[in-house]
Structures are given as structure tokens and as C-alpha cells.
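Student: Mapped onto full-length UniProt numbering, the consecutive letters of the sequence shown carry residue numbers 1 to 424.
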Amino acid sequence: MIKVIATLFVTLFLAAQVEAACTLAVTINEAITASTSDYLARAEKRAKEQKCDSLFVRMNTPGGSLQSTRLIVEQILASDIPYLCLITPSGGGAGSAGAIILQACHVNGGLTATNIGAATPILGTGEATPEDLRKKIINDTVSWLEGVTQLRGRNLEFAKEIVTEAKSLSSEAAHKAKALDILAQNESEFLKQSEARTVLINEKKELSVKVGELQEFAPDLRYKVLGFIADPEFAYLLFMGSLGLLYVEITNPGMIAPGVIGGIGLVLSLVAFHKLDVAWGGLALILLGIAFLVLEIFVTSFGLLGIGGLVAVFVGSLFLFDAQSTGYTLPLSLIISVVAVLGVFFLGIGYLALKTIRHKSKDADADLANHTGVVMTVEAHGHRGQIQIMGETWIFVSEDSLQVNDRVQVTGRQGLTLNVKKVL
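1) With Ile290 as the anchor, note down where its beta strand (DSSP E) starts and where it stops.
2) Does the Cβ of Tyr83 have 16 or more other Cβ atoms within 10 Å, making it buried, or fewer, making it exposed?
3) Would you identify the three-state DSSP class for Val10, choosing helix, strand or coil?
4) Would DSSP call Lys205 helix, strand or coil?
5) Less than 8 Å between the CB atoms is what I'm expecting for Ala235 and Ala272, so what's the real figure, rounded?
6) On the DSSP bridge list, what partners appear for Phe396?
7) The beta strand (DSSP E) with Met59 in it runs from where to where?
8) Assign Met390 to buried or exposed, taking buried as 16 or more other Cβ atoms, counted over all protein chains shown, within 10 Å of its Cβ.
9) Does DSSP classify Gln403 as helix, strand or coil?
10) Could you compute how far the alpha carbon of Met59 sits from the alpha carbon of Ser96?
11) Thr411 to Glu399, Cα distance in whole Å?
12) How would you write the range of the beta strand (DSSP E) that Thr372 sits in, first residue to last?
13) For a test of the three-state rule: what should DSSP assign to Arg413, helix, strand or coil?
14) Rounded to a whole number of angstroms, what is the C-alpha to C-alpha distance between Ile335 and Leu318?
15) Please list the terminal residues of the continuous beta strand (DSSP E) segment that includes Leu214.
16) Based on DSSP bridge pairs, tell me the residues matched to Ser170.
17) Going by DSSP in three states, Leu424 sits in which element: helix, strand or coil?
18) Grab me the residues of Ile76's own chain with a C-beta within less than 7 Å of its C-beta, minus the 5 sequence neighbours each way, in chain order.
19) Of the choices Ser168, Ser269 and Phe158, whose alpha-carbon is the least far from that of Ser35?
20) What is the rounded straight-line gap between the Cα of Arg413 and the Cα of Asn419?
21) Nearest to Leu214 by alpha carbon, out of Ser337, Ala99, Met376 and Lys51?
22) If you draw a straight line from the C-alpha of Phe158 to the C-alpha of Ser168, how long is it?
23) What do you get for His175, buried or exposed, if any count of 16 or more other CB atoms within 10 angstroms of its CB means buried?
24) Taking just the CA atoms, how far does Thr164 sit from Glu206?
25) From Ala345 to Glu189, what distance separates their C-alpha atoms?
26) Under three-state DSSP, which class holds Gly241?
27) I need the DSSP call for Leu183, collapsed to helix, strand or coil.
28) Mind checking who Cys85 pairs with in its DSSP beta bridge?
29) Assign Ile28 to one of three DSSP states: helix, strand, or coil.
30) Using DSSP with H/G/I as helix, E/B as strand and the rest coil, what is Gly95?
31) Mind the definition here: the stretch 194 to 213 touches the stretch 20 to 32 only if three or more C-beta pairs lie below 8 Å; say whether that holds.
32) At the level of alpha carbons, what is the spacing between Ile138 and Arg154?
33) Please confirm if the stretch 35 to 50 is in contact with the stretch 63 to 80, defined as three or more CB-CB distances below 8 Å between the two stretches.
34) Leaving aside the five residues before and after Arg222 along the sequence, list all residues of the same chain whose C-beta is less than 6 Å from its C-beta, in chain order.
35) Have a look at Ala119, Gln403, Glu44 and Val107 and flag the residue whose alpha-carbon is nearest the alpha-carbon of Leu145.
36) List the endpoints of the continuous alpha helix (DSSP H) containing Ile138.
Encoded structure:
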């Protein structure tokens with residue numbers, strides 16, 4: 001009897017484990033950029049957090065950044081869970097960077113009427129690469145890709161030709177050439193064929209692929225913002241434009257707008273170039289935004305510093321806080337609320353400070369008008385010079401021709417210059 005009960009508990013436990021199995025699904029429909037590498041890194045963390053057994057990557061991309069591709073390949077090779085990568089939908093393709101990433105995936109495949117290949121590195125501008133540089137980049141990419149392909153046991157000749165000759169094959173032909181593991185009619189068929197395959201994890205241990213219920217990890221606002229700035233040409237223009245704006249601000253202090261836009265743009269471009277980690281870029285933007293908001297209190301910027309500061313804090317918060325990295329969720333509504341509170345607080349203080357300065361300015365003008373001053377020096381035939389009034393020295397202009405030691409009364413003020421008339 002006890003043995004039967006124990007067997008029943010074991011069966012129920014195993015059933016619960018099967019029911020709990022999951023596969024995290026992500027979709028890549030754009031060029032491979034810094035936003036893609038960040039998106040996949042966060043997806044893997046989410047999969048581990050949810051205790052998913054595999055990561056399903058839908059791929060339809062024309063290619064993208066070689067640097068971002070290397071980061072993604074490194075991530076896949078070091079992953080503890082298998083990546084199941086499929087070229088989808090029908091009519092789509094995995095070109096250039098996408099083809100390389102597919103060779104790194106633990107299981108790859110394509111739907112019918114898709115294609116893979118054409119991974120010859122080119123300049124982001126589309127211009128011809130100098131011959132020596134082209135050979136260097138191609139040889140380096142070939143040796144790197146051959147190592148990845150050998151690890152996965154796929155077609156070495158195909159891996160070489162997609163780089164050296166920009167070779168491209170239909171998914172049917174690629175499957176026959178053993179460049180793709182699976183040729184499927186739909187996603188369900190691909191996942192079914194992927195299950196129970198033996199793959200190599202961390203380049204050292206074998207694991208049987210498990211496919212569970214799909215849990216979608218859709219691209220979020222962080223991904224979209226990064227995707228917007230991470231296009232190589234746009235990132236370059238953003239970087240150069242930001243440097244230009246900062247130069248304008250340095251050579252013409254007080255313009256405010258070039259400094260604000262240039263500062264934010266410089267941080268964003270460094271994130272796009274992978275020179276700043278996304279999280280560190282977010283922290284830099286938040287600190288920059290707080291600095292702008294503090295300066296808004298002391299510098300007359302007509303709200304430019306305040307608006308720039310709020311934008312920097314908002315974008316920085318999107319980059320900094322990530323549930324997959326920190327283990328908790330930071331809703332967009334919370335970020336907006338914090339930015340709103342900061343805006344009300346700092347802009348409110350700025351308004352009160354400006355109001356106080358104006359009030360003091362009016363009081364000072366009234367005091368000057370109620371006192372008489374003494375002419376200290378004269379020039380321009382007595383129509384301009386300096387006077388001493390209330391223990392302070394001011395520049396004056398006057399319609400009267402004045403002489404040293406004449407007593408005068410203030411009739412108005414233009415900045416640091418007083419309009420005066422002679423006291424008879």
C-alpha cells in the first residue's frame with residue numbers, strides 16, 4: 001500500500017513538472033543592433049527566472065551590426081538553456097548577421113519559402129570596402145563562424161561560402177545541405193521536431209531539449225527606443241551631431257539648447273556603439289537629467305534645462321530598470337509618476353526662485369529711486385560715467401551734462417546701467 005502511494009506521489013510530481021515546463025518566445029523582425037543583443041540578454045534572464053527549459057527565437061532579419069552579432073553569439077554559446085531559432089514567417093529570411101546567429105543556435109530551422117545566407121561583411125554606408133580591409137574582415141569572420149559551425153556539427157562549406165561568396169539558399173536547400181536542422185511547415189511542427197534533440201550546452205555538456213508552453217516576451221518600450229537610436233548610420237550622425245552641439249555650447253555659453261541636446265545625444269550614441277552598457281547608459285542619463293533639473297533653478301533657460309532633464313530621466317529609467325536583471329518589475333506608470341513628481345518639484349522651485357529674484361529686483365529699483373547718488377567719474381561730455389549710490393558703484397547715462405561731485409537721482413535702470421538726472 002505504501003509503495004502504491006509513493007508511486008502515485010512520484011507520478012503526480014512528474015506530471016506537475018511536465019505541466020510547469022515552458023518555452024520563452026521572442027521575435028526579431030528588424031536589423032540586428034544593440035537593441036537586439038540587449039533584448040535577447042533580457043529574454044534569457046526572463047527564461048531563467050520563469051524556469052523555462054528553452055528559448056524560442058523567431059527570426060526575420062536582413063542582417064545588421066557585426067559587433068552586436070558577436071555579442072549575441074557569445075551569449076548563445078555561454079547559455080545554460082538551448083536556443084531554438086526559426087526563420088519565420090514564410091517569405092521571410094535570415095540574411096547576413098541573422099545567418100550567423102542561426103549557426104550558433106542549439107537547434108535551427110526554417111519554414112518553407114524562407115531563405116538564409118549572404119553574410120559577407122560590408123560597410124554600414126554600403127560603400128565598397130578597401131581590398132586589404134575586406135580580406136581581413138572576411139578571413140576573421142570565416143574562422144570565427146567555422147568554429148561555431150563545427151561546434152554545432154553543421155555544414156562547414158556553407159558557413160564559409162555565405163561569408164566569402166555571399167551565398168544564399170532557400171530553407172529547403174539549406175536543410176538538404178545540413179545548414180539547417182529542421183524544415184517545417186509551421187512553428188508547432190518546428191517545436192515538435194526540436195523536442196528531445198540532444199544538444200551541447202556551454203560547449204561541454206549534453207542536454208535533451210524540452211519544449212513547454214510558449215510564454216511570449218514581446219519587444220517593450222526599452223527595445224523600441226534602443227532600436228531607434230542603434231541603427232549604425234543614425235548612431236554615427238547622432239554622435240557627430242552631439243559633439244557639434246556641445247562645441248556650439250562651449251564656444252557660445254548660455255545658449256542652453258545645444259548643450260542639453262548634445263549631452264543627451266552623446267550618451268545615447270555611446271550606448272548604441274556598445275561603448276556604454278545599457279544599464280550604465282541609463283544611470284548616466286538619470287544623473288545628467290538631475291543635473292539639468294538642478295541647474296534649472298539657478299540658470300534662466302526658459303524651461304529648456306527642465307524639459308531636457310525630464311526627458312533624460314525618463315529615457316534613463318527605461319534603460320536602467322529591468323525586471324529580468326533586478327528580479328522585480330518597474331511599471332511604465334511608475335517611471336512616468338516619478339518623472340512627473342520631479343518635474344513639479346524642480347520646476348516649481350525654479351518658478352519660486354525666479355519670482356523671488358524678480359521681487360528683490362523690484363525692491364532694489366525702489367531703493368535706488370529713493371536715494372541720491374554722487375558722480376564719481378564722467379566721460380562723453382558728462383553724459384556717461386560712474387556714480388556711487390547706497391555704497392555701490394554703478395555706471396550711469398544721463399541727458400544732463402554732469403560733473404564730478406554732482407548729486408543725481410535715479411530715474412530708471414537698464415541691467416547694470418542707471419538712468420539718472422541732476423538734482424538741482
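Ideal placement from N, C-alpha and C gives every residue a C-beta, glycine not left out.
Tutor: So, to answer that:
1) Within the sequence shown, residue 290 is the residue found at index 290, counting from 1. No beta strand (DSSP E) holds Ile290; the alpha helix (DSSP H) holding it covers Val278 to Phe298.
2) Mapped onto the sequence shown, residue 83 falls at position 83. Burial call: buried.
3) Along the sequence shown, read from residue 1 onward, the residue named residue 10 stands at position 10. Any answer about Val10 is weak, because its pLDDT of 47 lies below 50 and its placement is not dependable; what the coordinates show is given next. Note: Val10 maps to helix in three-state DSSP.
4) For the purposes of this step, residue 205 is taken as the residue at position 205 of the sequence shown. Strand, per DSSP.
5) For the purposes of this step, residue 235 is taken as the residue at position 235 of the sequence shown. For the purposes of this step, residue 272 is taken as the residue at position 272 of the sequence shown. 4 Å between Cβ atoms; contact.
6) Indexing the sequence shown from 1 puts residue 396 at position 396. Gly385 and Leu418, per the DSSP bridge assignment.
7) As a working mapping, residue 59 is identified with position 59 in the sequence shown. Counting along the chain, the beta strand (DSSP E) containing Met59 begins and ends at Ser54 to Met59.
8) Here the question's residue 390 lines up with position 390 in the sequence shown. Met390 comes out exposed.
9) Position 403 of the sequence shown, counted from the start, is the residue given in the question as residue 403. Gln403 falls in the coil class under three-state DSSP.
10) Along the sequence shown, read from residue 1 onward, the residue named residue 59 stands at position 59. Along the sequence shown, read from residue 1 onward, the residue named residue 96 stands at position 96. Distance between the alpha carbons of Met59 and Ser96: 12 Å.
11) Position 411 of the sequence shown holds residue 411. Position 399 of the sequence shown holds residue 399. Taking the straight line from one Cα to the other gives about 11 Å.
12) On the sequence shown, position 372 is the one that residue 372 refers to. Taken as a continuous stretch (DSSP letters only), the beta strand (DSSP E) holding Thr372 covers Thr372 to Glu379.
13) The count along the sequence shown starts at 1 and reaches residue 413 at position 413. Looking at Arg413 - three-state DSSP - the assignment turns out to be strand.
14) Counting from 1 along the sequence shown, the entry for residue 335 is found at position 335. Counting from 1 along the sequence shown, the entry for residue 318 is found at position 318. Rounded to the nearest angstrom, the two C-alpha atoms are 8 Å apart.
15) Numbered from 1 along the sequence shown, position 214 holds the residue referred to as residue 214. Note, Leu214: beta strand (DSSP E), Glu213 to Glu216.
16) Counting from one through the sequence shown, the residue named residue 170 turns up at place 170. Answer is Asn115.
17) Residue 424 sits at position 424 when you count from the first residue of the sequence shown. Coil, per DSSP.
18) By one-based count along the sequence shown, residue 76 stands at place 76. Result list for Ile76: Tyr83, Ala104 and Cys105, in chain order.
19) Within the sequence shown, the letter at position 35 stands for residue 35. Per the Cα distances, Ser269.
20) Walking along the sequence shown from the start, residue 413 turns up at place 413. Walking along the sequence shown from the start, residue 419 turns up at place 419. Distance between the alpha carbons of Arg413 and Asn419 is about 6 Å.
21) One-based indexing of the sequence shown puts residue 214 at position 214. Leu214 has its Cα closest to that of Lys51, out of Ser337, Ala99, Met376 and Lys51.
22) Translated into the one-based positions of the sequence shown, residue 158 becomes position 158. Translated into the one-based positions of the sequence shown, residue 168 becomes position 168. If I take the Cα positions, the gap works out to 9 Å.
23) Along the sequence shown, one-based indexing puts residue 175 at 175. Flag for His175 reads buried.
24) To locate residue 206, count along the sequence shown from 1; it is residue 206. To locate residue 164, count along the sequence shown from 1; it is residue 164. Rounded to the nearest angstrom, the two C-alpha atoms are 32 Å apart.
25) Taking the sequence shown and counting its residues from 1, one reaches residue 345 at position 345. Taking the sequence shown and counting its residues from 1, one reaches residue 189 at position 189. Note that residue 345 is Phe in the sequence shown, not Ala. Rounded to the nearest angstrom, the two C-alpha atoms are 56 Å apart.
26) As a working note, residue 241 is residue 241 in the sequence shown. DSSP places Gly241 in helix when its eight states are reduced to three.
27) Position 183 of the sequence shown holds residue 183. Of the three classes helix, strand and coil, the one that applies to Leu183 here is strand, per DSSP.
28) Here residue 85 refers to the residue found at position 85 when the sequence shown is read from its first residue. According to DSSP, Cys85 bridges with Val57 and Asn108.
29) To locate residue 28, count along the sequence shown from 1; it is residue 28. Note: Ile28 maps to strand in three-state DSSP.
30) Position 95 of the sequence shown, counted from the first residue, corresponds to residue 95. Of the three classes helix, strand and coil, the one that applies to Gly95 here is strand, per DSSP.
31) yes
32) Counting from one through the sequence shown, the residue named residue 138 turns up at place 138. Counting from one through the sequence shown, the residue named residue 154 turns up at place 154. Rounded to the nearest angstrom, the two C-alpha atoms are 20 Å apart.
33) yes
34) Position 222 of the sequence shown, counted from the start, is the residue given in the question as residue 222. Cβ neighbours of Arg222 beyond the five flanking positions: Leu318.
35) Start at 1 with the first residue of the sequence shown, and residue 145 comes out as number 145. The shortest Cα separation from Leu145 among Ala119, Gln403, Glu44 and Val107 belongs to Ala119.
36) Here residue 138 refers to the residue found at position 138 of the sequence shown. Taken as a continuous stretch (DSSP letters only), the alpha helix (DSSP H) holding Ile138 covers Glu131 to Arg152.
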